[in-house]
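S.K.: The structure's right below; bear with me while I get my questions together.
Pasting the structure below:
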């Protein structure tokens with residue numbers, strides 16, 4: 031599932047559908063991300079009402095999920111949610127951490143999650159949803175990146191695109207345990223990106239600077255944001271370091287994540 035931070039806070043009982051709608055209306059223009067917790071555990075009617083409000087405001091919705099609940103959801107409810115999300119020009123953002131059950135269990139510690147996650151994504155695609163896979167790169171799985179790309183191409187046909195996203199060093203991932211060096215990740219990631227390109231699976235990369243992507247540097251998601259002067263978390267979470275001086279991407283890259291530098295010291 032997606033990492034929430036702080037992760038031990040529990041549910042805020044004061045939050046209501048009406049409160050969320052008011053908050054969305056006050057947000058600056060752009061994508062509305064519906065996260066959690068797990069949104070698919072909410073009553074289908076409330077989730078559809080939220081998505082309808084996003085549509086009414088002329089916004090696009092991203093529904094973040096681990097897709098496990100989608101595996102066993104009533105078809106009627108699943109279809110309603112997909113229809114409401116599509117109406118909001120939206121998509122499901124599914125965290126898919128591994129291409130095997132053993133590695134999924136090692137990362138998530140949830141027995142049986144892999145089988146349900148795979149079934150959930152398959153149901154979403156069959157229901158007509160746009161699905162983005164998010165594959166969080168950590169010390170536990172970076173060596174398997176090419177295998178994951180091949181798995182996505184073969185087993186998850188119909189996925190709209192995949193994002194390879196380097197882990198954020200916050201919450202339980204704080205510290206050096208789960209944060210491999212960019213240079214360690216690079217050869218495996220480049221092989222994975224080549225597999226995607228060869229097989230026509232659109233992909234992108236977040237939280238790894240373009241200077242570590244070789245010929246795939248254009249897949250870095252921050253480059254367009256920087257070019258267009260878009261404000262956002264990327265400007266707060268990342269910063270240039272001395273090693274960035276003279277880099278050809280300096281003006282199009284906000285630099286490495288600050289939590290990465292806290293662990294590794296430099297690029």
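Numbering (my numbering), first residue to last: 31 to 297.
All C-beta atoms, glycine included, are put in the ideal place defined by N, C-alpha and C.
Okay, do the stretch 225-245 and the stretch 192-206 touch, 3+ Cβ pairs below 8 Å being the bar?
M.R.: In short, these stretches touch, since the Cβ pair count reaches three.
S.K.: Tell me whether residue 63 is buried or exposed, calling it buried when 16 or more other Cβ atoms sit within 10 Å of its Cβ.
M.R.: Exposed, because fewer than 16 other Cβ atoms sit within 10 Å of the Cβ of residue 63.
S.K.: Between the Cα of residue 256 and those of 47, 285, 90, spot the shortest distance and give me the residue it belongs to.
M.R.: Of 47, 285, 90, the residue nearest in Cα terms is 285.
S.K.: With a cut-off of 8 Å, do at least 3 Cβ pairs link the stretch 172-189 to the stretch 207-227?
M.R.: The stretch 172-189, when compared against the stretch 207-227, does touch it at the 8 Å Cβ threshold.
S.K.: My parser needs the beta strand (DSSP E) runs of 3 or more residues fully inside the stretch 148-202; what are they?
M.R.: Counting whole runs of 3 or more residues, the stretch 148-202 contains the beta strand (DSSP E) stretches 161-167, 191-196.
S.K.: DSSP on residue 116, reduced to helix/strand/coil?
M.R.: Here residue 116 sits in helix by DSSP.
S.K.: Over what stretch of residues does the beta strand (DSSP E) that includes residue 233 continue unbroken?
M.R.: Where residue 233 is concerned, the enclosing beta strand (DSSP E) stretches over 233-236.
S.K.: Nearest to residue 141 by CA position, among 98, 269, 185, is which residue?
M.R.: Looking at the Cα atoms, 98 is the closest of the given residues.
S.K.: Take every Cβ of the stretch 79-89, pair it with every Cβ of the stretch 53-63, and state whether three or more of those distances are shorter than 8 Å.
M.R.: The stretch 79-89 is in contact with the stretch 53-63.
S.K.: Mind checking which residues open and close the beta strand (DSSP E) that includes residue 224?
M.R.: Segment 212-228 is the alpha helix (DSSP H) holding residue 224; no beta strand (DSSP E) there.
S.K.: Quick check: residue 252 and residue 283, are their CB atoms within less than 9 Å of each other?
M.R.: Cβ distance < 9 Å, so residue 252 and residue 283 count as in contact.
S.K.: What is the rounded straight-line gap between the Cα of residue 169 and the Cα of residue 210?
M.R.: If you take the alpha carbons of residue 169 and residue 210, they lie about 5 Å apart.
S.K.: Let me know if residue 46 comes out buried or exposed under the rule of 16 or more other beta-carbons within 10 Å of its beta-carbon.
M.R.: It is exposed - the Cβ of residue 46 has fewer than 16 other Cβ atoms within 10 Å.
S.K.: Within 10 angstroms of its Cβ, does residue 296 collect 16 or more other Cβ (buried), or is it exposed?
M.R.: By the 10 Å Cβ count, residue 296 comes out exposed.
S.K.: Quick test of your reading: residue 124 and residue 162, contact by CB under 8 Å. State the CB separation rounded to the nearest angstrom.
M.R.: About 7 Å separates the two Cβ atoms, so the contact holds.
S.K.: In this structure, what does DSSP give as the bridge partners for residue 107?
M.R.: Beta-bridge pairing links residue 107 to no other residue.
S.K.: Please report how far the alpha carbon of residue 109 lies from the alpha carbon of residue 272, in whole angstroms.
M.R.: Taking the straight line joining both Cα atoms gives about 51 Å.
S.K.: Would you tell me roughly how many angstroms separate the C-alpha atoms of residue 136 and residue 70, rounded to the nearest one?
M.R.: Between residue 136 and residue 70, the C-alpha separation is close to 24 Å.
S.K.: What first and last residue would you give for the alpha helix (DSSP H) that runs through residue 138?
M.R.: That run of the alpha helix (DSSP H) goes 131-138.
S.K.: So, with DSSP's three-state summary, where would you put residue 122?
M.R.: Three-state DSSP puts residue 122 in a strand.
S.K.: Cα-Cα, which of 151, 87, 264, 182 is closest to residue 239?
M.R.: Of the listed residues, the one whose Cα sits closest to residue 239 is 264.
S.K.: Mind checking which residues open and close the beta strand (DSSP E) that includes residue 62?
M.R.: Taken as a continuous stretch (DSSP letters only), the beta strand (DSSP E) holding residue 62 covers 62-64.
S.K.: Return the CA-CA distance between residue 75 and residue 93, expressed in angstroms with no decimal places.
M.R.: Rounded to whole angstroms, residue 75 to residue 93 spans 15 Å at the Cα level.
S.K.: Taking all protein chains shown into account, do 16 or more other C-beta atoms lie within 10 angstroms of the C-beta of residue 260, making it buried, or fewer, making it exposed?
M.R.: Looking at its Cβ environment, which holds fewer than 16 other Cβ atoms inside 10 Å, residue 260 is exposed.
S.K.: Which residue or residues does DSSP assign as beta-bridge partners of residue 17?
M.R.: Within the shown structure, residues of the chain are numbered from 31 to 297, placing residue 17 beyond reach of any answer.
S.K.: Based on the DSSP secondary-structure assignment, which residues constitute the bridge partners of residue 91?
M.R.: Paired residue(s): 62.
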